[in-house]
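Each protein sequence line maps, in turn, to chains A and B. Reading the first sequence from the start, the letters are residues 6 to 108 in my numbering. Reading the second sequence from the start, the letters are residues 180 to 353 in my numbering. Yeah, the Cβ is synthetic: ideal placement off N, Cα and C, and Gly gets one too.
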Amino acid sequence: MIELEHVLVVGALLFSVGLYVALSRRNAVGILMGVELMLNAVNLNLIGFARFVESPRPIDGHVFAVFVITVAAAEAAVALALAVSVYRLRGSIDVDRLDSLKW
Amino acid sequence: MDSTAVVVAFWALAALTLGSAVMVASVRDLVHAVLFLILSFIGVAGLYLTLSADFVAVVQVLVYAGAIAVLMLFAILLTPRAARDNATISYRAPVSIVAGLVGVVIVFAALKTPWATTADDDRFPTTARAIGNALLDPFVLPFEIASVLLVVAIIGAIVLVRPGEAGPGREDRP
Chain A
6 MIELEHVLVV
16 GALLFSVGLY
26 VALSRRNAVG
36 ILMGVELMLN
46 AVNLNLIGFA
56 RFVESPRPID
66 GHVFAVFVIT
76 VAAAEAAVAL
86 ALAVSVYRLR
96 GSIDVDRLDS
106 LKW
Chain B
180 MDSTAVVVAF
190 WALAALTLGS
200 AVMVASVRDL
210 VHAVLFLILS
220 FIGVAGLYLT
230 LSADFVAVVQ
240 VLVYAGAIAV
250 LMLFAILLTP
260 RAARDNATIS
270 YRAPVSIVAG
280 LVGVVIVFAA
290 LKTPWATTAD
300 DDRFPTTARA
310 IGNALLDPFV
320 LPFEIASVLL
330 VVAIIGAIVL
340 VRPGEAGPGR
350 EDRP
């Protein structure tokens with residue numbers, strides 16, 4: 006029997022691994038990978054809640070997950086276009102070296 | 180549905196997902212990291228199936244394992260001189276402490292909260308019809324806004340990577 010807590014624990018572990026990836030990578034695409042892992046963890050929690058929690062409209066969790074996937078796709082497209090554009094300007098997407106706005 | 184098989188599948192897929200995510204964090208080459216990321220996405224799709232979310236599982240495979248992973252591979256291949264390795268950062272220990280603390284807090288909150296769970300075991304025989312109805316009845320405005328968002332994102336991505344005179348600050352290349 007799968008319990009709600011099992012899903013939430015898996016989601017929490019996935020979220021913290023994604024947070025580690027997002028904070029420890031220096032390449033902008035690597036940071037985006039971490040963000041996508043965190044979004045996946047959130048989606049997993051939403052699906053878990055939709056499956057297990059008492060609710061008059063349990064399908065709403067699935068709809069939220071679909072919206073999160075949509076926004077993640079849009080965000081990935083814009084972020085990767087930004088990475089390519091920054092690479093053309095600077096020759097690097099190392100976020101430690103993108104300090105043009107630093108005074 | 181056989182309950183034991185579902186439980187075994189759930190934990191096997193959870194191990195696959197978390198193991199691939201750890202490999203994304205630890206592997207050096209960025210292309211290998213994307214490949215492990217695809218494996219992790221597919222594991223999450225399998226977890227959705229064990230939670231009887233068939234439509235979201237299919238969308239996950241299509242959008243994440245298909246589109247977003249290919250986008251990431253293209254972005255890596257289009258930035259060839261960028262550092263591909265997971266170069267040593269000086270603050271690796273604090274980062275692991277922060278990530279671990281966040282995980283511990285979320286696990287603690289998840290285990291301590293008295294969730295109002297239901298005993299209904301097959302709640303969703305199929306979900307596609309219900310999701311379609313929900314998208315058109317209570318969620319029609321967010322649905323339309325999502326389509327506008329996608330159009331804006333596509334146009335923005337095209338404008339950002341378009342070659343030629345439109346690039347801002349193109350002349351101050353170092």
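For the region 62-76 of chain A, which residues have a CB atom closer than 8 Å to at least one CB atom of chain B, in sequence order? ARG62, PRO63, ILE64, ASP65, HIS67, VAL68, ALA70, VAL71, PHE72, ILE74, THR75 and VAL76
To the nearest angstrom, how far is it from the Cα of ALA184 (chain B) to the Cα of TYR92 (chain A)? What you label residue 184 (chain B) is simply residue 5 of the second sequence in a count that begins at 1. What you label residue 92 (chain A) is simply residue 87 of the first sequence in a count that begins at 1. Rounded to the nearest angstrom, the two C-alpha atoms are 48 Å apart.
Spatially closest choice to LEU226 (chain B) from A:ASP99, A:ILE98, A:SER97 and A:LEU9, by CA coordinates: Here the question's residue 226 (chain B) lines up with position 47 in the second sequence. If we check each option's Cα against that of LEU226 (chain B), A:LEU9 comes out closest.
Do you know how far the Cα of ALA336 (chain B) is from the Cα of ARG260 (chain B)? By 1-based counting over the second sequence, the position of residue 260 (chain B) is 81. By 1-based counting over the second sequence, the position of residue 336 (chain B) is 157. Going from the Cα of ARG260 (chain B) to the Cα of ALA336 (chain B) covers about 21 Å.
Count the other CB atoms, across all protein chains shown, that sit within 10 Å of the CB of ARG341 (chain B); report buried if there are 16 or more and exposed otherwise. In the second sequence, residue 341 (chain B) corresponds to position 162, counting from 1. So ARG341 (chain B) ends up on the exposed side.
Under the three-state DSSP convention, the category VAL206 (chain B) falls into: Looking up residue 206 (chain B) in the second sequence gives position 27. Coil at VAL206 (chain B), not helix or strand.
Neighbour list for VAL83 (chain A) in chain B, Cβ cutoff strictly below 8 Å: Looking up residue 83 (chain A) in the first sequence gives position 78. Within 8 Å Cβ-Cβ: ALA332, GLY335, ALA336 and LEU339.
Alpha helix (DSSP H) containing THR75 (chain A): first to last residue? The count along the first sequence starts at 1 and reaches residue 75 (chain A) at position 70. Segment 65-95, the alpha helix (DSSP H) holding THR75 (chain A).
Of all the CB atoms in chain A, is at least one closer than 8 Å to the CB of PRO321 (chain B)? Working through the second sequence from its first residue, we reach residue 321 (chain B) at position 142. Yes, its Cβ sits closer than 8 Å to a Cβ of chain A.
Cβ neighbour criterion (16 or more within 10 Å) applied to PRO293 (chain B): For the purposes of this step, residue 293 (chain B) is taken as residue 114 along the second sequence, with counting starting at 1. Exposed, by the Cβ-count rule.
Would you call the CB atoms of TYR25 (chain A) and SER275 (chain B) closer than 8 Å? Numbered from 1 along the first sequence, position 20 holds the residue referred to as residue 25 (chain A). Numbered from 1 along the second sequence, position 96 holds the residue referred to as residue 275 (chain B). Taking 8 Å as the Cβ cut-off, TYR25 (chain A) and SER275 (chain B) qualify as a contacting pair.
When you compare the CB of THR297 (chain B) with every CB in chain A, is at least one pair closer than 8 Å? Here the question's residue 297 (chain B) lines up with position 118 in the second sequence. True, the Cβ-Cβ gap to chain A drops below 8 Å.
Kindly indicate which three-state DSSP category ASP233 (chain B) falls into: helix, strand or coil? Counting from one through the second sequence, the residue named residue 233 (chain B) turns up at place 54. ASP233 (chain B): helix per DSSP, three-state reduction.
Which stretch, first to last residue, makes up the alpha helix (DSSP H) that contains PRO273 (chain B)? Translated into positions along the second sequence, residue 273 (chain B) becomes position 94. Looking at the DSSP string, the run of the alpha helix (DSSP H) that includes PRO273 (chain B) is 271-291.
Give me, in chain order, the residues of the same chain whose beta-carbon lies closer than 7 Å to that of ILE221 (chain B); leave out the 5 immediate sequence neighbours on both sides. Your numbering for residue 221 (chain B) matches position 42 in the second sequence. VAL240 and ALA244.
For THR296 (chain B): DSSP bridge partner residues: One-based indexing of the second sequence puts residue 296 (chain B) at position 117. Bridge partners of THR296 (chain B): A:VAL58.
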